[in-house]
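In terms of our numbering, the sequence shown opens at residue 390 and continues consecutively. One structure is given here, and the rest of the page talks about it.
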Amino acid sequence: MYPAAPLLVPHESSEECTVGGYHVPRGTIVLVNAWGIHNDPKIWEEPGKFKPERFQSLEEERKYGIMLLPFGVWRRGCPGEGFAMRIVGLALGSLIQCFEWKRIGKEMVDMSEGGGITMPKAQPLLAMCRPRSTMLNFLSQF
Ligand code: HEM
390 MYPAAPLLVP
400 HESSEECTVG
410 GYHVPRGTIV
420 LVNAWGIHND
430 PKIWEEPGKF
440 KPERFQSLEE
450 ERKYGIMLLP
460 FGVWRRGCPG
470 EGFAMRIVGL
480 ALGSLIQCFE
490 WKRIGKEMVD
500 MSEGGGITMP
510 KAQPLLAMCR
520 PRSTMLNFLS
530 QF
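Structure representation (structure tokens):
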């Protein structure tokens, strides 16, 4: 829902081609709107809803495959994808395992998007955290 690079990076067509019925001459700068693809209700049922089950079955993976492209795809896709997928999971897992988290008030976290080439949050994330008691010894070593 919030790709870090909503327009990927600019690409240039090496050959004349047709994309979605549009004629693209050789040497055209092409911007891929990954955000638009990720949030398109013609592709995803309720694109704005958190539904991790949509990625659980092989059938779903085949159906959507290339429609999920936060790292771009193929030859110019992000070479750090495998590394990033592991690190993001580990970092998030560590934050959840080591700390208790709370919102600063009753309001839900404001997820609206700000403007820019990367996708900053319109409102900075503010949250309270405290180390879980079982983690105090471990964390105090750093
Ligand atoms: C969550 C983390 C990351 C995200 C969301 C991300 C996303 C992207 C995206 C969208 C592109 C452009 C792909 C395209 O236009 O088709 C890209 C390119 C690239 N990424 Fe990442 N990336 C991440 C982490 C990393 C890491 C960890 C590395 C290196 C260790 C890396 C290295 C690169 C490089 C070198 C390119 C340029 C590839 C080229 O132009 O041929 N990225 N990344």
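Each residue gets a CB set at the ideal place from its N, CA and C atoms; glycine is no exception. In this text the structure is predicted, and so the values were computed from the model without any measurement.
DSSP three-state assignment for residue i, whether helix, strand or coil
{"i": "R464", "result": "helix"}
{"i": "K452", "result": "helix"}
{"i": "F444", "result": "helix"}
{"i": "A480", "result": "helix"}
CA-to-CA distance, residue j to residue i, given in whole angstroms
{"i": "G437", "j": "G425", "result": "12 angstroms"}
{"i": "L514", "j": "A393", "result": "16 angstroms"}
{"i": "R481", "j": "G466", "result": "Going by the sequence as given, residue 481 is Leu instead of Arg. Each residue's alpha carbon lies about 24 angstroms from the other."}
{"i": "S501", "j": "Q512", "result": "7 angstroms"}
{"i": "P430", "j": "E405", "result": "30 angstroms"}
{"i": "T417", "j": "F444", "result": "34 angstroms"}
{"i": "L420", "j": "I432", "result": "19 angstroms"}
When the options are compared against residue i, the one with the closest alpha-carbon
{"i": "T507", "options": "A423, G410, V408, I418", "result": "A423"}
{"i": "V413", "options": "S402, S529, L420", "result": "S402"}
{"i": "I493", "options": "L484, G471, C518", "result": "C518"}
{"i": "S522", "options": "P509, G505, E489", "result": "E489"}
{"i": "R464", "options": "M390, K495, H400", "result": "H400"}
Residue i CB to nearest heavy atom of the ligand HEM below 7 angstroms
{"i": "G466", "result": "yes"}
{"i": "G478", "result": "no"}
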